[in-house]
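Participant: In my numbering, the protein residues as written are 209 to 329. Where a beta carbon is used, it is the ideal one built from N, C-alpha and C, also for glycine. This structure is a prediction, so every number in the text was calculated from the model and none was measured.
Laid out in structure tokens, this is it:
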């Protein structure tokens with residue numbers, strides 16, 4: 209009888225653990241958000257620089273910059289990074305991000321061909 213009670217208790221605790229762990233994993237998945245940010249990118253070199261800089265942030269799930277529209281689409285974990293963090297990374301790469309102007313030093317370090325095609329906001 210004691211063995212059966214012990215066995216039932218162990219099974220119950222194991223089931224409770226598995227259930228709560230699964231629920232926690234589902235909760236974490238719901239923190240993925242998407243944002244679209246207008247940049248000042250003008251070419252594939254700009255695209256590579258911006259994507260590399262933003263991809264270094266913790267919590268980036270995916271990103272894609274459409275050079276034609278200049279829009280960077282980012283899927284990110286909102287519990288690990290913020291839209292402001294993403295915009296700041298873009299500006300520190302030398303490009304504008306929506307209402308934020310490019311960091312002046314980073315803009316000045318861009319290749320001349322990129323700077324000639326855009327204006328620093």
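(1) Assuming residue 249 and residue 275 form a contact by the criterion Cβ under 8 angstroms, report the distance between their Cβ atoms to the nearest whole angstrom.
(2) What did DSSP end up calling residue 266 once you bin it into helix, strand or coil?
(3) If you check the beta carbons only, do residue 269 and residue 240 fall under 8 angstroms apart?
(4) Give the straight-line distance between the Cα atoms of residue 287 and residue 310, rounded to the nearest whole angstrom.
(5) Assuming contact is defined by CB atoms lying nearer than 8 angstroms, are residue 247 and residue 273 in contact in what I supplied?
(6) Report yes if the C-beta distance between residue 283 and residue 302 is below 8 angstroms; otherwise report no.
(7) If I measure Cβ to Cβ from residue 291 and keep anything under 7 angstroms in the same chain, skipping five residues before and after, which residues do I get?
(8) Measure the alpha-carbon distance for residue 285 versus residue 265 and round it to whole angstroms.
(9) Could you name the residues that DSSP lists as bridge partners for residue 281?
(10) Would you call residue 305 buried or exposed, if buried means 16 or more other Cβ atoms sit within 10 Å of its Cβ?
Facilitator: Once the coordinates are examined:
(1) Along the chain shown, read from residue 1 onward, the residue named residue 249 stands at position 41. Along the chain shown, read from residue 1 onward, the residue named residue 275 stands at position 67. Correct: roughly 6 angstroms between the Cβ atoms.
(2) Here residue 266 refers to the residue found at position 58 when the chain shown is read from its first residue. In this structure, residue 266 counts as coil in the three-state DSSP scheme.
(3) For the purposes of this step, residue 269 is taken as residue 61 along the chain shown, with counting starting at 1. For the purposes of this step, residue 240 is taken as residue 32 along the chain shown, with counting starting at 1. Against a cut-off of 8 angstroms, the Cβ pair of residue 240 and residue 269 comes out as a contact.
(4) Reading the chain shown from its first residue, position 79 is the one you call residue 287. Reading the chain shown from its first residue, position 102 is the one you call residue 310. Cα-Cα distance, rounded: 26 angstroms.
(5) As a working note, residue 247 is residue 39 in the chain shown. As a working note, residue 273 is residue 65 in the chain shown. Yes.
(6) What you label residue 283 is simply residue 75 of the chain shown in a count that begins at 1. What you label residue 302 is simply residue 94 of the chain shown in a count that begins at 1. Going by C-beta atoms, residue 283 is not nearer than 8 angstroms to residue 302.
(7) Working through the chain shown from its first residue, we reach residue 291 at position 83. The answer, listed in chain order, is 243.
(8) Indexing the chain shown from 1 puts residue 285 at position 77. Indexing the chain shown from 1 puts residue 265 at position 57. Roughly 10 angstroms between the two C-alpha positions.
(9) Within the chain shown, the letter at position 73 stands for residue 281. Its beta-bridge partners are 244, 272.
(10) Against the chain shown, residue 305 aligns to sequence position 97. The residue in question, residue 305, is buried, as its Cβ has 16 or more Cβ neighbours within 10 Å.
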